[in-house]
Amino acid sequence: MEQYKRIKRELSHKGNIIDFYSDTIEINQGNQVVFDFINHKGASAMIPVDREGKILMVRQYRNAIDSYTLEIPAGGLNPGEDNLSCAIRECEEETGYRPNNPQHLIDVHTTVAFSNELIKVFYSNDLTPSKQNLDENEFVSIERYSLEELISMIYAGKITDAKTIAGLLAYNTKMNL
1 MEQYKRIKRE LSHKGNIIDF YSDTIEINQG NQVVFDFINH KGASAMIPVD REGKILMVRQ
61 YRNAIDSYTL EIPAGGLNPG EDNLSCAIRE CEEETGYRPN NPQHLIDVHT TVAFSNELIK
121 VFYSNDLTPS KQNLDENEFV SIERYSLEEL ISMIYAGKIT DAKTIAGLLA YNTKMNL
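Counting in UniProt numbering, the sequence shown runs from 1 upward without gaps.
Have a look at this one:
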């Protein structure tokens, strides 16, 4: 296995959610390569399951792929916020339901080739109706599906979001153990 050693890191762009860097890496005792990568602030997601066993999903527009997606509720960490608090906050803000007694399910590095983004996924089978509190630029619709329907949608290519796929497949495994 080759050894990698970071020689230099340069900030190319500082953004609100992500920062872009170029790293100079030494490999093979002297050869150098440059890798670009995205530094992400971190995020959390929640699989909210209602009393009927339906999972609350968020349908929203995603500019990067110029398409609407079906996702589990999720969002970025606020400064000083822990992942569990973030997952609860995002679920309540997006769905209008507060998850009680959430359990950690899985951690997902979404795009390891060029980003360090880590999303911690939780689930809750105990929801309390609350109030949806969307950001001013957030426009979402909430849809309810059975786990079986969602698994079928994954394999039919109708759900393509990495955190949602990983989270739902992990939840399916956990529920069927």
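All C-beta atoms, glycine included, are put in the ideal place defined by N, C-alpha and C.
In angstroms, rounded to a whole number, what distance separates the CA positions of residue i and residue j?
i, j, result
"S115", "K131", "33 Å"
"I159", "D126", "24 Å"
"A64", "E148", "28 Å"
"Q103", "S85", "12 Å"
"P73", "F122", "10 Å"
"K52", "S146", "In the sequence under discussion, the amino acid at residue 52 is Glu, which differs from the Lys named in the question. When rounded, the distance between both Cα atoms is 9 Å."
"residue 179", "F20", "There is simply no residue 179 to check, as the chain begins at 1 and stops at 177 in what is shown."
"V58", "S22", "34 Å"
Verify whether the separation of the beta carbon atoms of residue i and residue j is less than 7 Å.
i, j, result
"T95", "P129", "no"
"I119", "A45", "yes"
"K54", "R144", "yes"
"V108", "A166", "yes"
"I18", "I38", "yes"
"K41", "G76", "yes"
"L168", "L150", "yes"
"E93", "N133", "yes"
"L56", "I142", "yes"
Looking only at its chain, what residues have a beta carbon closer than 7 Å to the beta carbon of residue i, apart from the 5 residues adjacent to it on each side?
i, result
"Y4", "I25, I27"
My output table needs one value for residue i: the three-state DSSP class, helix, strand or coil.
i, result
"L169", "helix"
So, for residue i: in the same chain, excluding its five sequence neighbours on each side, which residues have a beta-carbon less than 6 Å away from its beta-carbon?
i, result
"A162", "T110"
"D36", "S22"
"E71", "V58, D161, T164"
Output needed for residue i: all residues of its chain with C-beta closer than 8 Å, excluding positions within five of it in sequence on either side, in chain order.
i, result
"S124", "M46, I47, P48, V49, C91, P99, N100, N101, P102, Q103"
"E81", "R89"
Original post:
Which runs of the alpha helix (DSSP H) spanning at least 4 residues fall entirely within the UniProt domain "Nudix hydrolase" (38-167), listed in chain order?
Top reply: Entirely contained in the UniProt domain "Nudix hydrolase" (38-167), the alpha helix (DSSP H) runs reaching 4 residues are, in chain order, 83-95, 147-155.
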